[in-house]
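One rule links them: number in the working numbering = place in the sequence shown (from 1) + 26. Just so it is clear, CB atoms sit at the ideal spot from N, CA and C, and this is done for glycine as well. If you're wondering where the values come from, they're calculated on a predicted model, not measured in any experiment.
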Amino acid sequence: MLILLDSADLQALRGIIPDHPLDGVTTNPTIISRACSGKREIPGLLRSIRGLLGNEGMLHIQVTAATLDGILAEAETIKEQFGEDVYIKIPVTSEGIKALSILAKKGIRVTATAVFTPQQALIAAKAGADFVAPYVNRLDDLAVDGSRVVREIKQIFTDYSLKTRVLAASFRNIEQVHRVCLSGADAVTISPELYWKMLFHPLTAVSVEEFERDWAAIPEREERN
Ligand code: E4P
């Protein structure tokens with residue numbers, strides 16, 4: 027099970043990535059727009075994230091072009107700037123699937139994004155995607171059970187021996203993360219805020235306080251009668 031951070035907020039990422047068990051970072055144009063004030067900052071921002079992740083962590087960067095040629099050209103630039111091991115995130119549009127297919131055949135790592143149905147996930151997997159990213163909260167918002175969509179995608183991939191992994195995305199609360207973990211997701215990408223919420227429990231804090239108080243109450247030496 028992989029846990030990635032869906033963020034380009036360097037300060038928030040720096041507070042988690044070096045010391046916590048994180049597997050990578052995903053971004054999209056909206057996330058990038060929140061983290062920078064001009065397009066010229068973007069390469070530097072992504073390079074800083076790459077540096078923070080080191081050699082081990084995965085970095086998924088989304089294309090912004092909508093046409094086949096545009097997506098292919100952008101994928102080349104992303105690869106040149108951020109290394110061979112970067113995952114190119116491509117929305118599952120008609121042009122996106124064509125691009126995904128071409129890139130996957132060249133051995134380039136690809137993540138199919140903006141996935142809302144098992145059928146879109148199946149097409150992306152057949153085209154050679156390494157990951158598909160179903161948007162759980164955006165489905166839940168429409169009264170469609172996002173975790174059920176994740177479970178069905180996983181079942182189809184398992185039943186037909188498709189190697190594509192499920193990277194569940196778009197979360198607003200930890201109950202949604204919990205449900206997709208039980209639904210067979212191979213990975214989740216969550217905000218830094220949700221990561222901290224997953225770790226925190228008030229009773230853990232109270233228990234630790236009690237341990238500290240009781241430990242401090244033991245006298246340094248035995249008291250003599
Ligand atoms: C996934 O890869 C997307 O970046 C993301 O999770 C979309 O989530 P949102 O619904 O929080 O924007």
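Near the ligand E4P: residue i beta-carbon under 8 Å from a heavy atom
| i | result |
| --- | --- |
| Asn163 | yes |
| Lys223 | no |
| Ile57 | yes |
| Lys105 | no |
| Asn199 | no |
| Asn54 | yes |
| Thr215 | yes |
| Gln88 | yes |
| Leu193 | yes |
| Ser252 | Outside the shown range of the chain, which is 27 to 251, sits residue 252, and nothing can be said about it. |
| Thr139 | yes |
| Ser196 | yes |
| Asp32 | yes |
| Lys115 | yes |
| Ala159 | yes |
Reference residue i, options the options, closest by Cα
| i | options | result |
| --- | --- | --- |
| Ile68 | Asn54, Ile128, Ala147, Val214 | Asn54 |
| Asn183 | Arg164, Phe197, Asn199, Phe157 | Checking the displayed sequence, the identity of residue 183 turns out to be Phe instead of Asn. With distances taken between Cα atoms, Phe183 lies closest to Phe157. |
| Leu48 | Asn81, Thr56, Ile179 | Asn81 |
| Ile29 | Phe108, Ala211, Leu229 | Ala211 |
| Ser120 | Asp111, Val136, Ala92 | Ala92 |
| Ile75 | Lys65, Arg40, Gly96 | Arg40 |
| Val136 | Leu193, Gln181, Arg164 | Leu193 |
| Ala153 | Leu72, Gln202, Val112, Pro117 | Pro117 |
| Asp35 | Pro44, Pro245, Leu71 | Leu71 |
| Trp222 | Val112, Ala150, Gly122, Ile200 | Ile200 |
| Phe142 | Ala130, Ala159, Val214, Arg66 | Ala159 |
| Val206 | Glu248, Cys62, Lys180 | Lys180 |
Euclidean distance between Cα positions of residue i and residue j
| i | j | result |
| --- | --- | --- |
| Thr103 | Tyr186 | 34 Å |
| Val51 | Gly133 | 21 Å |
| His46 | Ala231 | 18 Å |
| Arg60 | Gly77 | 20 Å |
| Pro218 | Ile58 | 15 Å |
| Glu100 | Val89 | 6 Å |
| Tyr161 | Asp171 | 11 Å |
| Asp95 | His204 | 39 Å |
| Leu165 | Arg191 | 19 Å |
| Val176 | Ile123 | 20 Å |
| Gly64 | Arg73 | 15 Å |
| Ala140 | Gln107 | 24 Å |
| Leu126 | Pro44 | 31 Å |
| Lys189 | Met224 | 28 Å |
| Ser233 | Arg239 | 10 Å |
| Val112 | Thr56 | 19 Å |
| Ala38 | Met84 | 17 Å |
For residue i, three-class secondary structure by DSSP
| i | result |
| --- | --- |
| Val192 | strand |
| Asp32 | strand |
| Ile43 | coil |
| Ile123 | helix |
| Ile128 | helix |
Exercise. Residue ranges of each alpha helix (DSSP H) run of no fewer than 4 residues wholly in the segment 50-118, ordered along the chain?
Worked result: 55-61, 68-79, 94-108
For this session: Report the residue ranges of all beta strand (DSSP E) runs contained in full by the segment 139-212; include only those spanning at least 3 residues, in chain order.
Result: 157-160, 191-194
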